[in-house]
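Working notes, structure below.
Chains as they are written, first to last, in our numbering: chain E, 637 to 747; chain X, 8 to 119.
The structure is reproduced here in structure tokens:
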């Protein structure tokens, strides 16, 4: 029940395309859902986050869509750029500071 | 504003040795969490400290321990190192008023 399932494991997108990464969770006590971006040799960097009281949050080219009834959330990267090539992790947190991470998606954006 | 600082960046240790990793959180942040990242297991929660008290602990053996000082800096210790402890160890800090967690660059531990 503590798991967060993430798909796909890897994703190849052409420059200008839309990248979509999906996550699903079981624990209804989770109330905070961040996405992290990690480049090789670096720590994860917070990209965007959402709480379950909203269905969508947009920051620049990055959008989180949240479906509370389905217990699913997804990251959309519009107009994907080669500089977006990185590993993306979804995560979930309940009433503690413990983050449960998905398994990661390696995104490659080709020019 | 300085980010989360982890030292050292790289470490090579021999099986059976022990190691101490350090984390300085963002100024004003009182919560520090530690995670282990490996290709096989992904990002796994080790423990979390707040105001010098361990609030949460993950499913790791007792060889993994930590502490937090009054200035919120935290250390993590691994005793009797095993080859499987080779990983990137990440520290994250967050403030009491904000749920956002910010990660350091990590310490790459290699056990040989």
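Even glycine gets a Cβ: it sits at the ideal position worked out from N, Cα and C.
* Between which two residues does the beta strand (DSSP E) harbouring residue 21/X extend? -> Here residue 21/X refers to the residue found at position 14 of the second chain. Unbroken run through residue 21/X: none, as it is neither H nor E.
* Asked: Could you give the distance in angstroms between the alpha-carbon of residue 677/E and the alpha-carbon of residue 692/E?
  -> Start at 1 with the first residue of the first chain, and residue 677/E comes out as number 41. Start at 1 with the first residue of the first chain, and residue 692/E comes out as number 56. C-alpha separation (whole angstroms): 31 angstroms.
* **Where residue 49/X sits in the DSSP three-state scheme** => The residue you call residue 49/X lines up with position 42 of the second chain. Strand, per DSSP.
* Can you list the beta strand (DSSP E) stretches of 3 or more residues lying completely in the stretch 36 to 86 of chain X, in chain order? -> 38 to 45, 49 to 57, 60 to 64, 71 to 75 and 81 to 85
* To do: Could you name the residues of the stretch 90 to 111 of chain X whose beta carbon sits closer than 7 angstroms to any beta carbon of chain E, in the order they occur along the chain?
  => 97, 101, 106, 107, 108, 109, 110 and 111
* Can you tell me the Cα-Cα spacing of residue 37/X and residue 58/X, whole angstroms? -> As a working note, residue 37/X is residue 30 in the second chain. As a working note, residue 58/X is residue 51 in the second chain. About 6 angstroms.
* Taking buried to mean at least 16 other C-beta atoms within 10 Å of its own C-beta, is residue 119/X buried or exposed? -> Sequence index remark: in the second chain, residue 119/X carries index 112 (1-based). That one is exposed.
* Going by beta carbon distance, what residues of the same chain come within less than 8 angstroms of residue 23/X, once the five residues before and after it are set aside? -> Locating residue 23/X in the second chain gives position 16, where the first residue counts as 1. Only 87 and 88 meet the Cβ criterion.
* Asked: Are there 16 or more other CB atoms within 10 angstroms of the CB of residue 100/X, so buried, or fewer, so exposed?
  -> The residue given as residue 100/X occupies position 93 in the second chain. Looking at its Cβ environment, which holds 16 or more other Cβ atoms inside 10 Å, residue 100/X is buried.
* Asked: Hey, how far is the Cα of residue 72/X from the Cα of residue 113/X?
  -> Taking the first residue of the second chain as position 1, residue 72/X is located at position 65. Taking the first residue of the second chain as position 1, residue 113/X is located at position 106. In a straight line, the C-alpha of residue 72/X is about 17 angstroms away from that of residue 113/X.
* At 9 angstroms on the CB atoms, spell out the chain X contacts of residue 685/E, in chain order. => Position 49 of the first chain, counted from the start, is the residue given in the question as residue 685/E. Within 9 angstroms Cβ-Cβ: 106 and 107.
* Ignore the nearest five residues each way along the sequence and tell me which others in residue 708/E's own chain have a CB closer than 6 angstroms to its CB. => Reading the first chain from its first residue, position 72 is the one you call residue 708/E. If we look at residue 708/E and ignore the five residues flanking it on each side, its Cβ neighbours are 660.
* To do: Find the nearest neighbour of residue 689/E within the set 671/E, 702/E and 641/E, judged by alpha-carbon distance.
  => One-based indexing of the first chain puts residue 689/E at position 53. With distances taken between Cα atoms, residue 689/E lies closest to 702/E.
* Any Cβ of chain E within less than 8 angstroms of the Cβ of residue 62/X? -> Stepping through the second chain from its first residue, residue 62/X is reached at position 55. Taking Cβ atoms only, chain E reaches closer than 8 angstroms to residue 62/X, which makes this a yes.
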